[in-house]
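Protein chains in written order, with the working numbering: chain A, 1146 to 1529; chain B, 25 to 322.
Read the structure below first, then the notes.
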């Protein structure tokens, strides 16, 4: 059934269709409607779940982990400061192999207080062992929740679904809300290989000596490495049932491109308008939108960017003292590869400043007028 | 001919804690767990945050308990237990008791927010704090459960703890949870009774267990039970219950309280105290005892 819903409600519907059993959450702008709708669904019985209305994001994640360990499918959502408060437990989730699925609405970190979008909140959690998906439409948000449960529960690794504040969270779009029974056919009930309970008592997460710790981390990495193929496989399966492919990346006119914008999140849509305009002028432009950020889709990115003369990576984030984070990652993916492209790094749109069509024009002008990057960061639209 | 008196053992024989654990000699916390589990039984899941018990249980892949353990983050005993309980219910297990088992640091300090949240929601969990009155696992640093006058590695003798310990029971009573009790390793029958009682209740139950620590208190391992008993007999750690935050009941009535000096002198952590400081401590205990008696009379 098609509905006109906001991005936040896409997360709620995704959790509902996935039959989340325990939800623990704490309100934070711009995430609030996610949990408001879920609490209504729990109250009216649309969703058979227990909603734990905790006193902080730290407790939200702690409660999710306890529930996940007991064998329940578990969902939460947060933003920015809330995600940062959860940080300790993000490591707990992946280290303890608890496949919680969480929506994170990208919001810039304070100070100064900001409720507007940028990616420094979720990218600060890059190394916590979570799978990270970046979405660019409300439809993709809903679909990704369902896919994320499937991927997470198969590998026992938690997933974070990331969407831009306001540009998606509060923007209404037409979304196809799939039938429950079709989702049930795609996503079986959570049946973990281990769970906490008195019938088979074990100690989970106890003191681990140097003799054992490294093997636990090795196994986590080895399972992380299985994610890209599993995303492709589950994405194709989803496409068969629902007609929408959910891959590691999303390509737009990359096949014959000589110049590619690499983006993540909603700026990808704007980039495509710029691509069309460049093509009208005879420039073979394309857009590569990175959907799966962790684990990084090395193979995909390499195969698409190999042989492309110029690539502009647009980052709505920054690693202070280094560069844009997607820029670093793309560079590391193509390093040492045959025919690597000239890669240009741009930082734009921090703290919710719009990344406009003109911004993409400026980015294209900069990259197309130079044979190689003269500086690691080109700031777009900053008042210097 | 004297009348034959029949002794009834009120402490279950079942042992859910095995020898070979990593507790120090004379550890009150290990004794507390052993007794608590005898009362709660095998169908219990325990959430243990960072505390001595995170280690006592034994390193991976060993465990000294015959019940499942979730080793959770320091400040999450109550929130983790809330989640485990919800998760178990959603997978159809409504019988298993979920126990949060935290030290005083994890309860009085870093875990207080999560505990308050769980208590306000009246989560269906048993929260037990075994109180050894400092961060013993990290090397005897003061917590807000450290008593007035005590030496710790962060309250050196020249600057010993100047404030009395936080009144955790009053805080929990203010949440009006169904059941609160204090218990002591020197009174195992009383402790078993309280944990059994707690298991029968629904909602948040809080049990504050007094657990001497020879390593941190600089006391002799063989004095652990003696010290725990003296703490009750002096009125320093009275044994009582609070139901619904309102009904206060003293369980072990003490006609003539022993002087605090008797309790303090067995512990190296109080060795620096001068007579007037011991009087100050005595006065604090006296005032607290009177307050408790009034509450219990109401």
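We put the beta carbon where it would ideally sit given N, CA and C, even for glycine.
Bear in mind the structure is a predicted one, so any value in this text is a computation, not a measurement.
Inset, instruction - Report yes if the C-beta distance between residue 1331/A and residue 1381/A is below 9 Å; otherwise report no. - result: no
Inset, instruction - Pick helix, strand or coil for residue 132/B, following the three-state DSSP scheme. - result: helix
Inset, instruction - Select from the segment 1162–1190 of chain A all residues with a C-beta closer than 8 Å to any C-beta belonging to chain B, and list them in chain order. - result: 1166, 1167 and 1169
Inset, instruction - Please state whether DSSP places residue 1455/A in a helix, a strand or coil. - result: strand
Inset, instruction - Using a cut-off of 8 Å between C-beta atoms, extract the partners of residue 1380/A located in chain B. - result: What residue 1380/A touches in chain B: nothing, since even the nearest Cβ is about 28 Å away.
Inset, instruction - Write down every uninterrupted run of the beta strand (DSSP E) in the segment 149–235 of chain B whose length is 3 residues or greater and which is fully enclosed by it, in chain order. - result: 150–155, 203–208 and 229–234
Legend entry - Cut-off 6 Å between Cβ atoms - residues of its own chain near residue 118/B, not counting five sequence neighbours on either side: none
Inset, instruction - Would you mind sorting residue 1528/A into buried or exposed? The rule is 16 or more other CB atoms within 10 Å of its CB. - result: exposed
Inset, instruction - Determine the chain B residues that contact residue 1090/A at a beta-carbon separation under 7 Å, and present them in chain order. - result: A query on residue 1090/A cannot be resolved here, the shown segment of chain A reaching from 1146 to 1529 and no further.
Inset, instruction - Please say whether residue 1278/A and residue 1289/A have beta carbons closer to each other than 9 Å? - result: yes
Legend entry - Contact under 9 Å by Cβ, residue 1264/A with residue 1251/A: yes
Inset, instruction - Keeping to the same chain, check which residues put their C-beta closer than 7 Å to that of residue 173/B; ignore five residues upstream and five downstream. - result: 184, 185, 294, 297, 301 and 305
Inset, instruction - Could you name the residues of the same chain whose beta carbon sits closer than 7 Å to that of residue 1299/A, not counting the 5 residues immediately before and after it, in chain order? - result: 1375
Inset, instruction - Assuming residue 236/B and residue 222/B form a contact by the criterion Cβ under 8 Å, report the distance between their Cβ atoms to the nearest whole angstrom. - result: Between residue 222/B and residue 236/B the Cβ distance is about 22 Å, and since that is not below 8 Å, they are no contact.
Legend entry - CB contact below 9 Å: residue 1154/A versus chain B: no
Inset, instruction - Helix, strand or coil for residue 1178/A, going by three-state DSSP, please let me know. - result: helix
Inset, instruction - State the beta-bridge partners of residue 1532/A as determined by DSSP. - result: Since the first and last residues shown for chain A are 1146 and 1529, residue 1532/A lies out of range.
Legend entry - CB contact check: residue 1210/A to chain B, cutoff 9 Å: yes
Inset, instruction - Would you mind reading off the limits of the alpha helix (DSSP H) that contains residue 1414/A? - result: 1412–1425
Legend entry - As assigned by DSSP and simplified to three states, the class of residue 1443/A: helix
Inset, instruction - Please state if the CB of residue 1449/A and the CB of residue 1105/A are separated by a distance shorter than 9 Å. - result: This structure leaves residue 1105/A out entirely; chain A is present only between 1146 and 1529.
Legend entry - Residue-level contact to chain A via CB, residue 167/B, 9 Å cutoff: no
Inset, instruction - Determine whether the Cβ of residue 1270/A lies closer than 9 Å to any Cβ atom of chain B. - result: no
Legend entry - Residue range of the beta strand (DSSP E) that includes residue 1321/A: 1317–1321
Legend entry - C-beta neighbour in chain B for residue 1219/A, strict 9 Å: yes
Inset, instruction - Run the CB neighbour count on residue 1319/A, radius 10 Å, all protein chains shown included, and call it buried at 16 or more, exposed below. - result: exposed
Inset, instruction - Give a yes or no on whether 9 Å exceeds the smallest Cβ distance from residue 1222/A to chain B. - result: no
Legend entry - Spatially closest choice to residue 1415/A from 1179/A, 1213/A and 1499/A, by CA coordinates: 1499/A
Inset, instruction - Please decide whether residue 1461/A counts as near chain B, where near means a Cβ-Cβ distance under 9 Å. - result: no
Legend entry - Whether residue 1328/A touches residue 1157/A by CB criterion (9 Å): no
Inset, instruction - Under the assumption that residue 161/B contacts residue 79/B (Cβ atoms under 8 Å), give the Cβ distance between them as a whole number of angstroms. - result: 6 Å
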